[in-house]
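Residue 59 in my numbering is what sits at position 54 of the sequence shown, and the numbering runs on without skipping anything. Ideal Cβ positions, reconstructed from N, Cα and C, are used throughout, including at glycine. Everything numeric in this text was worked out from a predicted model, so none of it was measured.
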Amino acid sequence: MLSILAFIIVIVSVVRADDIYIPEAGRGGFVNDCTGISLVKENHHVGLRAQCRAPGNKTQCTILDLNSCFSYDSRTNSLEYVDNGDLSRYSPPNSCYLKNDGRDLNCQLLRDSYNRQTMFLNWSITNDEGTLTCFEHRGTTPPDCATRKSYGASPSKAQTLVSPIPMAVLVAVFVAALVFRLR
Numbered sequence: 006m007l008s009i010l011a012f013i014i015v016i017v018s019v020v021r022a023d024d025i026y027i028p029e030a031g032r033g034g035f036v037n038d039c040t041g042i043s044l045v046k047e048n049h050h051v052g053l054r055a056q057c058r059a060p061g062n063k064t065q066c067t068i069l070d071l072n073s074c075f076s077y078d079s080r081t082n083s084l085e086y087v088d089n090g091d092l093s094r095y096s097p098p099n100s101c102y103l104k105n106d107g108r109d110l111n112c113q114l115l116r117d118s119y120n121r122q123t124m125f126l127n128w129s130i131t132n133d134e135g136t137l138t139c140f141e142h143r144g145t146t147p148p149d150c151a152t153r154k155s156y157g158a159s160p161s162k163a164q165t166l167v168s169p170i171p172m173a174v175l176v177a178v179f180v181a182a183l184v185f186r187l188r
């Protein structure tokens with residue numbers, strides 16, 4: 006039993022507090038107020054488009070340039086929520102798609118053809134009176150907002166059958182195996 010406790014302590018100590026993103030109060034949650042969430046090109050970057058609830062019981066089409074919100078961090082080999090990021094430098098628009106009803110952005114990184122990264126948009130993007138925002142960046146409402154061609158639909162179920170097993174599941178299986186072995 007002591008070895009199981011030691012293993013759990015080692016696993017927990019590997020995760021640093023700064024590795025876990027906890028959204029600021031009042032940030033994120035745009036999917037609760039927006040529909041028609043899709044990706045479009047915005048200034049040759051990845052743009053997030055949605056019809057969001059606005060004052061007066063109205064909705065408004067808005068496009069947020071995600072280059073303003075995300076970048077690639079070579080230290081952690083992952084996409085990060087960064088003010089004035091440069092997402093398009095590492096991942097062109099046509100290499101990204103949305104997952105989980107628009108909550109997550111999945112992008113192929115240019116430097117590694119086997120490395121797809123997922124960023125949790127719903128933690129970082131906010132609906133501010135009908136306009137998508139991140140940090141102090143506000144989306145725009147161009148004349149072709151609602152009709153601009155979208156891309157990046159989620160892959161078919163056949164393409165998503167093989168998915169990474171979450172770390173919590175792996176830890177639970179390992180702990181269960183240890184417990185049965187000790188009996």
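Cross-strand partners of residue i (DSSP beta bridge)
i: H142; result: C139
i: I198; result: Since the first residue of the chain shown is 6 and the last is 188, residue 198 is not available in this structure.
i: K46; result: V51
i: K63; result: A59
i: Y86; result: F75
i: F125; result: D109
i: Y102; result: N111
i: C39; result: C57
i: Y95; result: None, per the DSSP bridge assignment.
Exposed unless 16 or more other CB atoms sit within 10 angstroms - verdict on residue i
i: T40; result: exposed
i: L10; result: Summary for L10: the model assigns pLDDT 43, below 50, so the residue's position carries little reliability, and this model does not support an answer.
i: T67; result: buried
i: E47; result: buried
i: T138; result: buried
Alpha-carbon spacing of residue i relative to residue j, whole angstroms
i: G107; j: I42; result: 6 Å
i: S100; j: L71; result: 14 Å
i: N89; j: N62; result: 32 Å
i: C150; j: V36; result: 18 Å
i: V15; j: T146; result: Here V15 scores only 41 on pLDDT, less than 50, and its place in the model is too uncertain to base an answer on.
Nearest-angstrom Cβ-Cβ length linking residue i and residue j, presumed shorter than 8 Å
i: T136; j: C74; result: That belief does not hold up - the Cβ atoms of T136 and C74 are roughly 14 Å apart, past 8 Å.
i: L92; j: S76; result: 6 Å
i: G33; j: T131; result: 6 Å
i: L84; j: G144; result: About 19 Å separates the two Cβ atoms, so there is no contact after all.
i: P98; j: H142; result: So it is not a contact: roughly 17 Å between Cβ atoms.
Residues of its chain near residue i, where Cβ-Cβ distance is below 6 Å and the 5 sequence neighbours each way are ignored
i: N111; result: Y102, K104, R121, T123
i: P60; result: E134
Cβ-based neighbour list, residue i, same chain, cut-off 8 Å, excluding 5 preceding and 5 following
i: T64; result: T40, Q56, C57, R58, G135
i: S155; result: S43, L44, V45, R54
i: D109; result: L103, T123, M124, F125, L126, N127
i: Y86; result: Y26, C74, F75, M124, W128, S129, C139
i: D38; result: C57, R58, N132
Cut-off 7 Å between Cβ atoms - residues of its own chain near residue i, not counting five sequence neighbours on either side
i: L114; result: Y77, Y95, S96, N120, Q122
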